[in-house]
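One structure is given here, and the rest of the page talks about it.
Residue numbers (full-length UniProt numbering): 1 to 576.
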């Protein structure tokens, strides 16, 4: 406001001076000559201009005064706001000063407390340092004691490990000795059958013996490899014991079937095969003896392999050799023989059904009951055999499909001729057994046969079907569902065979009881006479039984020669 007032005064003074100057100049001008009239007019114009300027300046002055008034109003407002802010700031400053005073007091209190805590911590630190030194001394003493105890423990550990190692070695040796002893018992028991007169009646085919020799060769290689593994890793003890057990069972099984095969061979070939079986069994015992001594069994295993291969060679010589079959015919021959067996079984089943109808028409009472029981059991047996043949064919097809690879089915049969010959032999035996059972049943129903013939035929069928099952299982996958079905069918044949034997024995007993004499009316002399006659008959029958058993043994020894002649096999092979 002062500045504006000063500017206004300056402007007024300037205007006043200008007016004075102009008046002065006008007076001077009027005093001059009239010839200056023109200048007068000019000056008047200038005066007018100055008056206009004065008017303009006055307007500006008025605007400045208004602006000054506005600025004064704003200044008053600012002063009011300043006083308000000063009052507020004064209050805040007072509050802050109070807070500062409180914080200062609190800081002094904290400092005092911290000094006190610091003093306590110093005291505790000194105590801790003292305790640390004491603990360090104790720890040094304990470490020294522990080192001493560790040294003693290590010494004790070594002693215990040595003792445990010795105990483990002893346990291993005891387990090995026990398994080897048990294995030797199995093989020796098989060898002892050479001296067992009751074993003469046990027979085995050369084809089946060849099947039993294959696992022996495999087990020999396995036991040789397992000894090396056990020598390198003692944890293989369980596998070694398992291998020894399997080896012994396979070897004993091979030897005992070899002995049984000698009962079906001619005298010279049987004696040669028997010597080979004995030599093979002794080689197996030698392998176990060497294994028990801890020495290498490689040379003994090689010797045992040669002995088993010799058995295989002699057994192959006993297998009847058929006339050379062309490769293109071998597959057809297997299918033909299996179909022929199925046809024979179906024909036997039809004949038995016809006999059952006739016996119901011609007989009655006890005789009808006996005949129905026998024929019903024979019918069930034929049905079970037919199922067995069908499942055997299914399994054979699966075996051929899995084993032939890129070769044809006929090439597979040709390559595995030994297995094929076993199938053919078993199938023929089943077909013949079914026919023989049907004929024996016919004779019994007509009263011309013996119940014992039925029992013998049933047992022959059971043996033939077992041979067929074994021949089929040799190359089958153990996890095959068809193999499981075949095993179930084999159980069915076994059960029905037992039913035929049971019905035959029951029928024989019923007929015998019906035909027994009534001794209630005999006198003392008649009873004595009948007793003596019965004793004589018993002696005669025992003699006949002994003679028939010997005859049966001789017949079985010639079995392959007779079978070869009937099938047109090579005569030179059948004479060996």
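Cβ atoms here follow ideal geometry from the backbone N, Cα and C, with glycine treated the same way.
Under 9 Å between C-beta atoms of residue i and residue j
i: residue 442; j: residue 382; result: no
i: residue 261; j: residue 208; result: yes
i: residue 219; j: residue 258; result: no
i: residue 378; j: residue 352; result: yes
i: residue 472; j: residue 395; result: yes
i: residue 191; j: residue 244; result: no
i: residue 348; j: residue 463; result: no
i: residue 454; j: residue 374; result: yes
i: residue 297; j: residue 184; result: no
i: residue 437; j: residue 399; result: no
i: residue 498; j: residue 200; result: no
i: residue 203; j: residue 263; result: yes
i: residue 229; j: residue 221; result: no
i: residue 234; j: residue 172; result: yes
i: residue 319; j: residue 483; result: no
Nonlocal neighbours in the same chain, by C-beta distance under 7 Å from residue i, ignoring five residues either side
i: residue 468; result: 392, 426, 427 and 430
i: residue 284; result: 187, 251 and 304
i: residue 485; result: 391
i: residue 286; result: 300
i: residue 179; result: 241, 244 and 245
i: residue 500; result: 377, 378, 381, 454 and 458
Three-state secondary structure (DSSP) of residue i
i: residue 294; result: coil
i: residue 480; result: coil
i: residue 450; result: coil
i: residue 263; result: coil
i: residue 517; result: Note that residue 517 has pLDDT 47, beneath the 50 cutoff, so the model's placement of it is unreliable and no number is given.
i: residue 229; result: helix
i: residue 196; result: coil
i: residue 319; result: coil
i: residue 204; result: coil
i: residue 364; result: coil
i: residue 14; result: helix
Residue from the options whose Cα sits closest to the Cα of residue i
i: residue 444; options: 111, 54, 372 and 481; result: 372
i: residue 182; options: 501, 249, 217 and 317; result: 249
i: residue 272; options: 173, 310, 244 and 302; result: 310
i: residue 175; options: 470, 241 and 345; result: 241
i: residue 360; options: 314, 446, 389 and 298; result: 446
i: residue 278; options: 263, 157, 205 and 307; result: 307
i: residue 254; options: 41, 549 and 312; result: 312
i: residue 478; options: 402, 342, 347 and 112; result: 402
i: residue 12; options: 46, 56, 44 and 38; result: 56
i: residue 10; options: 179, 61, 164 and 42; result: 61
i: residue 317; options: 298, 536, 437 and 206; result: 206
i: residue 507; options: 343, 452 and 537; result: 452
i: residue 386; options: 342, 551, 365 and 350; result: 342
i: residue 440; options: 64, 504 and 147; result: 504
i: residue 217; options: 149, 458, 302 and 155; result: 302
Other residues of its chain near residue i: CB distance less than 8 Å, five sequence neighbours each side excluded
i: residue 490; result: 388, 465, 466 and 469
i: residue 384; result: 489, 492, 493, 495 and 496
i: residue 59; result: none
i: residue 314; result: 269, 272, 273 and 276
i: residue 502; result: 377
Beta-carbon proximity list for residue i, same chain, < 6 Å, skipping 5 on both sides
i: residue 380; result: 496
i: residue 450; result: none
i: residue 280; result: 307, 308 and 311
i: residue 170; result: none
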